[in-house]
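Here's the structure we're looking at; comments come further down.
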Amino acid sequence: MPPSASRIDVHHHYLPPIYVQALEAAGGDPSGWKTPEWSLESDRVLCQKHNIRTAILSVTAPGPDIAEGLEAARIARGLTSGQQVSEIRTLNSTASSPRFRLR
1 MPPSASRIDV HHHYLPPIYV QALEAAGGDP SGWKTPEWSL ESDRVLCQKH
51 NIRTAILSVT APGPDIAEGL EAARIARGLT SGQQVSEIRT LNSTASSPRF
101 RLR
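See below:
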């Protein structure tokens with residue numbers, strides 16, 4: 001790929017505070033993976049470094065289902081309409097909000 005070509009990252013994780021808090025409240029990621037540090041600024045730097053122009057956002061498993069019932073719904077709303085999603089959309093007007101299907 002020529003250096004000037006931009007990339008599309010189709011598996012791009014983001015970790016807004018509402019999700020990190022939910023993971024911590026549940027005792028961590030059930031898979032045993034450590035929750036990585038994440039910030040909008042570090043993500044922007046990563047995308048610039050790797051010439052990623054478009055990123056399809058997702059959160060790590062288990063997603064909002066880390067909680068149950070109304071709490072899972074609250075987390076899902078926070079993941080799709082929170083402050084960081086707004087900031088991401090401001091930086092990239094073509095970005096769409098993530099969508100989740102709750103069990």
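Numbering (UniProt numbering), first residue to last: 1 to 103. Virtual Cβ for every residue (Gly too), placed ideally from N, Cα, C. It should be emphasised that the depicted structure is a prediction, and the values quoted were computed from it without experimental measurement.
Judged by DSSP in its simplified three-state form, Leu-46 adopts helix. Here Arg-53 is near Arg-7, since their CB atoms are less than 8 Å apart.
With fewer than 16 neighbouring CB atoms inside 10 Å of its own CB, Gln-48 falls in the exposed class. In the three-state reduction of the DSSP assignment, Ala-5 falls in the coil class. Partner residues in a beta bridge of His-11, as assigned by DSSP, do not exist. For the pair of segments examined, the region 54-74 was found to touch the region 15-35: the number of CB pairs separated by less than 8 Å reaches three. Within the same chain, and ignoring the five residues on either side of Glu-87 in sequence, the residues whose Cβ sits closer than 6 Å to its Cβ are Leu-40. Counted as a single uninterrupted DSSP element, the alpha helix (DSSP H) harbouring Ile-75 occupies residues 69-81. Ile-18: member of the alpha helix (DSSP H) spanning 17-25, first to last residue.
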